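The structure appears right after this line, and notes come after that.
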Amino acid sequence: MIKKNLKKRIFTSSVLFILVFLMISYNLVFGLSLIIMAAFSINEFYKILKKITKKKIYFWLFNILFSFYLIITFIIFFYFSKDLLLKIILFYFLFVCIISDIGGFLFGNMFKGPKLTKISPNKTISGSIGSLVLVTVFSLIFCNYLQVKPEHFFGITIISLFTSIVCQAGDLSFSYLKRKAKIKDTGNIFPGHGGILDRLDGILLGVPVGFLLSYTYIYLS
Numbered sequence: 002m003i004k005k006n007l008k009k010r011i012f013t014s015s016v017l018f019i020l021v022f023l024m025i026s027y028n029l030v031f032g033l034s035l036i037i038m039a040a041f042s043i044n045e046f047y048k049i050l051k052k053i054t055k056k057k058i059y060f061w062l063f064n065i066l067f068s069f070y071l072i073i074t075f076i077i078f079f080y081f082s083k084d085l086l087l088k089i090i091l092f093y094f095l096f097v098c099i100i101s102d103i104g105g106f107l108f109g110n111m112f113k114g115p116k117l118t119k120i121s122p123n124k125t126i127s128g129s130i131g132s133l134v135l136v137t138v139f140s141l142i143f144c145n146y147l148q149v150k151p152e153h154f155f156g157i158t159i160i161s162l163f164t165s166i167v168c169q170a171g172d173l174s175f176s177y178l179k180r181k182a183k184i185k186d187t188g189n190i191f192p193g194h195g196g197i198l199d200r201l202d203g204i205l206l207g208v209p210v211g212f213l214l215s216y217t218y219i220y221l222s
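Note that the working numbering has the sequence shown beginning at 2, numbered continuously upward.
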């Protein structure tokens with residue numbers, strides 16, 4: 002069963018990486034992908050809240066706030082994607098979040114150890130540290146490849162590490178909601194991975210924070 006699920010995860014991850022490549026290459030694909038992800042995410046969030054929120058005022062308030070945040074964020078992402086530098090920054094932090102997730106999965110499974118929190122039993126301290134280690138390596142390779150000025154290496158790496166921490170916090174936040182709703186996944190659109198929000202949970206918080214901090218750092222330095 003574990004091997005079967007792993008095969009599904011590998012296949013789905015491969016398809017998602019191809020999609021990300023197409024999103025980087027073509028703004029039309031990027032825009033359509035954002036619309037589809039927004040629609041599925043809002044629907045999945047709606048279903049989660051329906052299971053855990055009994056008071057209608059809170060139910061609609063949180064749905065409206067989440068939908069507003071998501072739509073505005075995606076519109077800003079698409080607008081900034083028309084500028085090459087901003088597009089590089091945007092997708093860099095997308096990959097930071099992806100690498101952070103991969104680092105947590107690999108190190109967590111290899112070293113196991115104490116749990117990070119009761120909210121998500123699969124999250125371990127070793128996995129959290131692994132996320133930071135892999136993000137650091139990725140940041141240094143990226144900076145070296147783009148020949149970033151040495152004085153900016155430290156700043157970009159620190160922002161990347163902070164983005165990883167925020168990404169993990171976003172992941173835990175949705176894990177908490179799923180635990181309250183007594184569900185394992187937000188959906189089943191991705192075999193072996195779950196729903197859209199299962200993939201975007203940390204990204205929805207990590208990418209905007211990383212982008213904003215790096216944008217401010219680059220243009221003020």
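C-beta: ideal position from N, C-alpha, C; glycine also. Small disclaimer: the values here were computed from a predicted structure and weren't measured.
Query raised in the report: So, helix, strand or coil for residue 116, using DSSP?
Result: Strand.
**Report entry** Cβ neighbour criterion (16 or more within 10 Å) applied to residue 99
**Finding:** Residue 99 comes out buried.
Query raised in the report: Assuming residue 182 and residue 49 make a contact with CB atoms under 8 Å, what is their CB distance in whole Å?
Result: Right, the Cβ-Cβ distance comes to about 5 Å (below 8 Å), so this counts as a contact.
Query raised in the report: Can you give the Cα-Cα distance for residue 177 and residue 16, rounded to whole angstroms?
Result: Between residue 177 and residue 16, the C-alpha separation is close to 28 Å.
**Report entry** Where residue 187 falls, given that 16 or more other Cβ within 10 Å makes a residue buried
**Finding:** Residue burial annotation: residue 187 is buried, with at least 16 other C-beta atoms found within 10 angstroms of its C-beta.
Report task. Enumerate in chain order the residues of its own chain whose CB-to-CB distance from residue 95 is below 8 Å, with the five nearest sequence positions on each side excluded. Result -> Closer than 8 Å at the Cβ level, and outside the excluded window around residue 95, lie 21, 204, 208.
Query raised in the report: Does the segment 146 to 156 come within contact of the segment 107 to 117, defined as at least 3 CB pairs closer than 8 Å?
Result: As far as the Cβ criterion goes, the segment 146 to 156 does not touch the segment 107 to 117, which means the pair count is below three.
Requested in this report: Enumerate in chain order the residues of its own chain whose CB-to-CB distance from residue 135 is below 6 Å, with the five nearest sequence positions on each side excluded.
Outcome: 100, 104, listed in sequence order.
Requested in this report: Would you give the residue range spanned by the alpha helix (DSSP H) that residue 186 belongs to?
Outcome: First-last for residue 186: undefined, no H or E at that position.
Query raised in the report: When you compare each of 110, 210, 24 to residue 159 by their alpha carbons, which one comes out closest?
Result: The option with the nearest alpha carbon to residue 159 is 210.
Requested in this report: Measure the beta-carbon distance from residue 79 to residue 88 and round it to whole angstroms, keeping in mind my assumption that it falls under 8 Å.
Outcome: The distance from the Cβ of residue 79 to that of residue 88 is about 10 Å, inconsistent with a contact at the 8 Å cut-off.
Report task. Return the Cβ separation of residue 108 and residue 25 in integer angstroms, given the expectation that the two are a contact with Cβ distance under 8 Å. Result -> Contact flag wrong, Cβ pair sits at about 27 Å.
Query raised in the report: Who are residue 125's beta bridge partners in DSSP?
Result: Answer by DSSP bridge pairing, in chain order: 116.
Query raised in the report: Between residue 200 and residue 212, which are expected to be in contact by the criterion C-beta below 8 Å, what is the C-beta distance as a whole number of angstroms?
Result: That pair is no contact at about 18 Å.
Query raised in the report: Sorted by chain position, which residues of the same chain lie with C-beta nearer than 7 Å to residue 31's C-beta, five sequence neighbours on each side aside?
Result: Taking residue 31 as the centre and dropping the five residues before and after it, the same chain places the C-beta of 24, 79, 82 closer than 7 Å to its C-beta, in chain order.
Query - Residues near residue 195 in its chain [Cβ-Cβ closer than 7 Å; skip 5 each side] - result: So the list reads 186, 187, 188, 189, once near-sequence residues are dropped.
Query raised in the report: Can you give the Cα-Cα distance for residue 84 and residue 214, rounded to whole angstroms?
Result: Cα-Cα distance, rounded: 17 Å.
Report task. Just tell me which of 173, 152, 137 has its CA closest to the CA of residue 162. Result -> Closest by alpha carbon: 137.
Requested in this report: Assign residue 203 to one of three DSSP states: helix, strand, or coil.
Outcome: In the structure shown, residue 203 sits in coil (DSSP, three-state: anything other than H, G, I, E or B).
Query raised in the report: Cβ of residue 38 versus every heavy atom of the ligand ATP: is any distance shorter than 7 Å?
Result: Among the components of this structure there are no ligands whatsoever, and the ligand ATP is therefore not found.
Report task. For residue 55, count neighbouring Cβ atoms within 10 angstroms of its own Cβ and tell me buried if that reaches 16, exposed if not. Result -> Counting Cβ neighbours within 10 Å, residue 55 comes out exposed, since fewer than 16 surround it.
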